[in-house]
Amino acid sequence: MACDLGATHAIDAAEGDVTAAICALVPDGVEFALETSGREALVDAALASLGSHGMLGFVGVPPKPDNSIKINLAALITYGHRIIGIIEATATWTAPFPNWSPSTAQGGFRSTSSCEPIG
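Residues in the sequence shown are numbered from 1 upward in steps of one, following UniProt numbering.
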């Protein structure tokens, strides 16, 4: 589905170390990560894959409402990472993820999956 939505690469979390796979593609870390599962291991991988001043957006809901994650505050501050929670219409594609996709910015987001833009 990621490639259908415009991703240049897709990584299957069941096939190994997600952080290593991301770092192999982007050695300096990613500028933006969008976490959609709410699973602690994948949240950790997304945080670990961020480059300097990278941003992590959460849309994934954890399996249990009281689940929490641990964040290395020293790394968060040292590298200037940003974390944002995204629900329904609380974010626009141009604000938290300004370079997400040129087609999205021009209103051309289309998918054959169950994902649909809000609005």
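All C-beta atoms in this analysis are idealised placements derived from N, C-alpha and C, irrespective of residue type, glycine included.
Note that this is a predicted model, so its numbers are computed, not measured.
Inset, instruction - Quick one: grab the DSSP three-state call for L5. - result: Correct three-state label for L5: coil.
Legend entry - Contact test: H9 Cβ vs the ligand FAD heavy atom, cutoff 6 Å: For the ligand FAD, the structure offers nothing, since it holds no ligand at all.
Legend entry - Simplified DSSP assignment, three categories, for A10: Of the three classes helix, strand and coil, the one that applies to A10 here is coil, per DSSP.
Legend entry - Backbone secondary structure at I69 - three-state DSSP: Assigned with DSSP and collapsed to three states, I69 falls in coil, not helix or strand.
Inset, instruction - Please state if the CB of A13 and the CB of C3 are separated by a distance shorter than 7 Å. - result: Between C3 and A13, the gap from beta carbon to beta carbon reaches 7 Å or more.
Legend entry - Backbone CA spacing between D28 and N67 [nearest angstrom]: C-alpha separation (whole angstroms): 30 Å.
Inset, instruction - Report the rounded CA-to-CA distance for K64 versus S49, giving the unit in angstroms. - result: The alpha-carbon atoms of K64 and S49 are separated by roughly 25 Å.
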